[in-house]
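Down below is the structure, laid out as structure tokens.
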Amino acid sequence: MRIFLFGFLFLLTSGLIGQDNFENIRALEWREIGPYRGGRSCAVTGVMGKPNLFYFGSTGGGIWKSTDGGRSWENISDGFFGGSIGAIAVSQSDNNVIYVGGGEKTVRGNVSSGYGLWKSEDGGKTWHSKGLKTSRHISRIRIHPTNHNIVYAAAMGNLYKDTSDRGVYKSTDGGNTWKKVLFANNKAGAVDLIIDPNNSRNLYASTWNIRRTPYSLSSGGEGSALWKSTDSGETWKDISANKGLPEGTWGISGITVSPANSDRLWAIIENEKGGVYRSEDAGKTWTKVNDKRDLRQRAWYYTRIYADPQDQDIVYVVNVSYHKSKDGGKTFKSKRAPHGDHHDLWIAPENPDRMIIGDDGAAQVTYDGG
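Counting in the working numbering, the final residue of the sequence shown is number 374, and the numbers go up one at a time with none missing.
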């Protein structure tokens, strides 16, 4: 009888405790902590002289930081901003200064837009909004190598309609105010941008006429072009008609300059005669060096090119695989990272074997050149 009574009391109290726990759970309010479509990344960077420090921006989960060489990651934008990230840059003169641009460049059917530019001055602990809120898609940010108050942003603008909120913007006061320094037209936004690492007065940019609808994409047309500035971005010259570059309708293009030789440029261009083009005279004349299809398939989703910081003959193109050339772009060898569909690459200036790559599987780090 005592055994039966003990069992009855145990079941009764267990039920009451369970009911109490259930009521506590019902009182909780749920919130989504993401990352929302956070697997894809089109913005990555490391930090010069900091071998274990890396950042990547996701298409729905904000900014992530690793201090242990990519073995673990911490979200550092939650509570300040989130959503889609299109660009990230760390100042060479003060690595506590970080600029981030919202809105991915990968314009697939579920492309995610952002809401301007943000800045941190304490390595990502806190953030402040720095304008350009209607730019929607910031595809590149470049910081002056010795003055982090001078910063440039490439804005694609609203992909679904004509707008003047696109082009290259420049700030000389740390992002407090912005001046539009390059504007192609209401349809073509800035998609790539680079500062000559040996002469910060020289900049190169590409613009892209792109129109997205929920069910279609149109790439190419008036305003798609390559540009050069020789006065710190104050004025720009369209160099798309320079000798050797393809005629006809251009789509998206990417451009890079070799830190080992500023006269050597590479561009990858979407065109009927597209491919990888190289210049040996800082953009005056060009030669097509490669038209391999693997380098330029699904151009609207990829079309990025990167120069090795120490060897003028090494250049990378990212696509489904990522591709490396050791002969100035004439031939490329396909390489595999842990995931495919690559969108961004950062190479350490002091050690080209240290890299971070961003793709549809977030970001991966290598210390042996991949």
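Every residue, glycine too, gets a C-beta built ideally from N, C-alpha and C.
Nearest residue (CA-CA) to LYS109, options LYS54, ASP72, GLY53 and GLY193: GLY193
Burial state of GLN301 (16 or more Cβ within 10 Å): exposed
Coil, strand or helix - ARG300 by DSSP: helix
Residue closest to SER124, alpha-carbon to alpha-carbon, out of VAL322, GLY105 and ARG112: GLY105
Burial state of ASN323 (16 or more Cβ within 10 Å): buried
Secondary structure of ALA194, DSSP reduced to three states: strand
Completely contained alpha helix (DSSP H) runs for the segment 47–119, where each covers 4 or more residues: none
Own chain, CB closer than 6 Å to ASP169, minus 5 neighbours either side, in chain order: THR138, SER139 and GLY161
Beta-carbon separation (whole angstroms), LEU207 vs GLY237, contact threshold 8 Å: 5 Å
HIS346 vs LYS337 beta-carbon contact at 8 Å: no
Expected contact under 8 Å - CB spacing of SER62 and ALA366 to nearest Å: 7 Å
Sequence-distant residues of the same chain with beta carbon closer than 8 Å to HIS343, five excluded per side: ASP363, ASP364, GLY365, ALA366 and GLN368
Close Cβ partners of ARG41 (< 6 Å) along its chain, the five nearest in sequence each way excluded: Since pLDDT at ARG41 reaches only 46, below the 50 mark, its modelled position is unreliable, and the value read off the structure follows with that caveat. Only THR63 and GLY64 meet the Cβ criterion.
ALA311: CB within 7 Å of a non-hydrogen atom of the ligand GDP: In the structure on display, the ligand GDP does not appear, and there are no ligands present to speak of.
Proximity to LYS232 [Cα-Cα], best of GLY373, LEU186 and TRP212: LEU186
First and last residue of the uninterrupted beta strand (DSSP E) at GLY333: Here GLY333 belongs to no beta strand (DSSP E), and DSSP marks it neither H nor E.
Neighbour-count burial assignment, GLY252, 16 or more Cβ in a 10 Å radius: exposed
Simplified DSSP state of ALA264, which is helix, strand or coil: coil
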